[in-house]
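Residue numbers (our numbering): 257 to 607.
Positions of the beta carbon are idealized from the N, C-alpha and C atoms, including for glycine.
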């Protein structure tokens, strides 16, 4: 891998922080630069869930992830410049200050930018954003630069340092905390909602190298992750030939509420009973506008999560008549809730 690296050196005060040494290497290997193994560089998370070996979209598309027909592989940090470069014209340098600017993160993490706007417009700002906290306050250098190990996904245990317990080692002895301490992650109750991409249109990606989808919010899914129930999201796809696909994965949305959910927000709800019946409608059309179910939605294997699937033609979404049943994938090291867990959720509190 031929690369041009600029390394900022400060040695015993003899080389100042503004002095740049340009180093050329004919063959930079991962063992020589551990950033090359980081998820920011490899974008391995996307490749992992897409892979046919993991029940991914490749089964329907027949196109390998690394194929030039897809632009997914271009969603990664190619060099230090992307985050650390600063200056104007020919006077350039590297600085940590540039990389710590939250806008740098949000340039790529667009889902988080979207949910921050939704919450701001609804006057329900994330508790951390409200305190002017930024990505760097929770995410470590290891989260960003990696540690030399090539992880499959940021959801792989050990891949990311940031977690609620780092800043909140203890919690108030409330009834809900006593009951759920060993069975629920904080996110199951304190994440307000998630943003989900619907109708991600693969044919447009393949033919035009352009990504189109419809983003919806106001809901939160529940899945199992590392022995506890956690917040999750969904995403639907339309593949050439009008084949359909739906995935569910654990998701930490940066829309955090100070106060957790009430018992009745999850237990004994109409949604939980619909899921228990074996079918729940997630999205539908009203006046040609995609609408989605609001609330907490358990993810359980074998349930029909009914969605609107649409083709994208000449800049317009066209509903697909009688679409085929979607292929279903549970990914991100998440697993569906069990029937027993669903039974508990479907029962009103106290029964």
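Check, Outcome
"Other residues of its chain near residue 398: CB distance less than 8 Å, five sequence neighbours each side excluded", "417"
"Beta-bridge pairing of residue 585 - partner residues as DSSP gives them", "503"
"Backbone secondary structure at residue 376 - three-state DSSP", "helix"
"For residue 302, the three-state DSSP class (helix, strand or coil)", "helix"
"C-alpha distance - residue 387 paired with residue 578, whole-angstrom precision", "48 Å"
"Continuous beta strand (DSSP E) stretch holding residue 553: start and end", "551-554"
"Best match in 368, 400, 384 and 317 for proximity to residue 352 [C-alpha to C-alpha]", "400"
"Buried versus exposed call for residue 573 [16 or more other C-beta atoms within 10 Å across all chains shown]", "buried"
"Own chain partners of residue 312 with C-beta closer than 7 Å, once the 5 adjacent residues on each side are dropped", "305, 306 and 585"
"Three-way DSSP call (helix, strand, coil) for residue 431 in this model", "helix"
"Supposed contact pair residue 402 and residue 295 - C-beta distance, whole angstroms, cut 8 Å", "7 Å"
"Residue 557, DSSP secondary structure in three states", "coil"
"Separation of residue 361 from residue 487, as counted between CA atoms", "22 Å"
"Residue 520 burial status per 10 Å Cβ neighbour count (16 or more: buried)", "exposed"
"C-beta contact flag for residue 382 and residue 527 at 9 Å", "no"
"Candidates 367, 407 and 467: closest to residue 327 by CA position", "467"
"Cβ pair residue 331, residue 299 closer than 9 Å", "yes"
"Per-residue burial, residue 461 [other beta carbons within 10 Å of its own, 16 or more giving buried]", "buried"
"Simplified DSSP state of residue 419, which is helix, strand or coil", "coil"
"With 16 other Cβ atoms within 10 Å as the buried cut-off, status of residue 590", "buried"
"Residue from 394, 479, 465 and 471 whose Cα sits closest to the Cα of residue 441", "479"
"Residue 539 beta carbon less than 9 Å from that of residue 500", "no"
"Own chain residues within Cβ distance below 6 Å of residue 604, not counting five before or after", "524"
"Terminal residues of the alpha helix (DSSP H) in which residue 602 lies", "595-602"
"Residue 341 to residue 594 span [Cα, whole Å]", "48 Å"
"Rounded straight-line distance, which links the Cα of residue 357 to that of residue 344", "17 Å"
"Given 8 Å, three or more beta-carbon pairs between the region 403-422 and the region 365-382", "no"
"Segment limits, beta strand (DSSP E) that includes residue 488", "484-495"
"Three-state secondary structure assigned by DSSP to residue 293", "helix"
"Residue 548 (DSSP reduced to helix, strand or coil)", "strand"
"Residue from 445, 551, 489 and 366 whose Cα sits closest to the Cα of residue 474", "551"
"Residue 445 (DSSP reduced to helix, strand or coil)", "helix"
"Test item: CB-CB of residue 502 and residue 583 under 9 Å", "yes"
"Opening and closing residue of the beta strand (DSSP E) in which residue 338 lies", "That residue, residue 338, is in no beta strand (DSSP E); its alpha helix (DSSP H) goes 337-340."
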